[in-house]
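Numbering (this note's numbering) for the sequence shown: 4 to 347. Backbone N, C-alpha and C define an ideal beta-carbon position, used for all residues, glycine too. Quick notes on the structure that follows.
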Amino acid sequence: MGMTPTIAWQGDIDGRLELIDQTRLPAELCVLRLERVDDVIDAIRRLAVRGAPAIGVAAGYAIVLGVRERVPTDATTFRRACSEVAARVAAARPTAINLGWACGRLARRGEREPTLGALLAEARAIHAEDVALCRAMGENGAPLIPDRATVLTHCNTGRLATAGDGTALAVVFEAWRRGNRLRVIADETRPLLQGARLTAWELAAEGIPVDVATDGAAPALIARGEVDIVLVGADRIAANGDAANKIGTYALALACREHGVPMYVVAPSSSFDLSLPDGAHIPIEDRAADEVLTLGGQRIAPPAGVGARNPAFDVTPGRLLGGLVTDRGVIRPVTTENVKRVLG
Ligand code: MRU
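This is the structure we're talking about:
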């Protein structure tokens, strides 16, 4: 990936947000330069910036831009602007809790300290913390990967999905740095192909051997004994450890349970929503039919008379998982008590 960061703030309170446009990868490495909150909301909605932690980091800066645009003249108008902008940004996508979590942090900081400088400091703190959370997840998870293992992963959970090394991919990167000559199978991740486009790109850039497989092939590869461990991320984890992640994750968990392959969800503490008792309460984003009915801009379904179902996420029951790898340690077995003990 060279030196281009996934997310960067350039300048001080008069600065701008720069994001790699992930919709253009791997064909082109384009950087979006954004100065308006609506442009960041649009980037989040169309997945130019994506992945739960990355969305949270971008949201912090989006609120700085949005409040700045409103030019508040006193503390009262500043506070009102801050809470309204935070609510708008939080509504950009429903499933990743990191988005609402970051917006809540900015709103509370703006309430306490109604200045743009304070908001920018909070956004920068979220950004820096995410780098550290990724490092800790990598260190906690790396020992779980057997030497020379084949790791199967889903969607993109790497440097493009966070401000640091990633969640599940941070574990892979850390194991590789420690000398584990593993290999990776990346599910292509229909319909938007985050695995084929983004995960394969990140791993190939590091020289880590990677094969892309269709999502439908993954359970068969698990059944054939070709997978030693499955590592995925999460967009929101409920208090009992049920985890929402990219559509297709649940099928992997069922296949792993059937064939005795360990599967771990790797997620930072910022992805837990302890206010929800279980995964049935996690809001799941339904996205546009066109994402399913077209591929690379070309219609692949009949031109008329065909609808589509496009839930972007599914929920994997915590009981199907070998554990939850977090920045605070590995939670296993996955139970409400153990989640509370590590994160409460
Ligand atoms: O729709 P996306 O691409 O934002 O979905 C991303 C995922 O599902 C990731 O697995 C998840 O955010 C966790 S890892 C950063």
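Here VAL67 carries a helix assignment [DSSP, helix/strand/coil]. DSSP lists LEU155 and ASP214 as the bridge partner or partners of ILE188. The secondary-structure analysis by DSSP pairs MET266 across a beta bridge with VAL233. Taking 4 residues as the minimum length, the alpha helix (DSSP H) runs contained wholly in the segment 41-90 are 55-73, in order along the chain. Taking C-alpha positions only, VAL187 is separated from GLN13 by approximately 35 Å. DSSP places ALA208 outside any beta strand (DSSP E); the residue lies instead in the alpha helix (DSSP H), whose first and last residues are 203-209. In terms of Cβ geometry, SER273 and ASN159 do not form a close pair [threshold 7 Å]. Just so you know, the alpha carbons of ALA93 and TRP179 end up roughly 36 Å apart.
The distance from the Cβ of VAL328 to that of GLY282 is about 18 Å, inconsistent with a contact at the 8 Å cut-off. Counting only the Cα atoms, PHE176 lies some 11 Å from ALA208.
Distance from the C-beta of THR319 to the nearest heavy atom of ligand 1 is not below 6 Å. With a 10 Å radius around the Cβ and a threshold of 16 neighbouring Cβ atoms, ALA166 comes out buried. Assignment of alpha helix (DSSP H) within the segment 281-325, counting only whole runs of 4 or more residues, yields 293-296 in chain order. Taking a cut-off of 8 Å on C-beta distances, the segment 195-210 does not touch the segment 58-69, as fewer than three cross pairs fall below it. A Cβ-Cβ distance of about 6 Å is found for the pair ALA216 and ASP190, placing them in contact under the 8 Å criterion. ALA237 and TRP104 have their C-alpha atoms roughly 15 Å apart. Around ALA258, the same chain offers PRO222 and ILE225 as residues with beta carbons nearer than 6 Å, after the five sequence neighbours per side are excluded. For ALA291, the CB contacts under 8 Å within the same chain, skipping 5 residues up- and downstream, are ASN313 in chain order. The beta carbon of ASP238 sits closer than 6 Å to at least one heavy atom of ligand 1. Remark: C-beta atoms of LEU323 and VAL268 do not approach each other more closely than 7 Å. If you draw a straight line from the Cα of VAL43 to the Cα of PRO286, it comes to about 22 Å.
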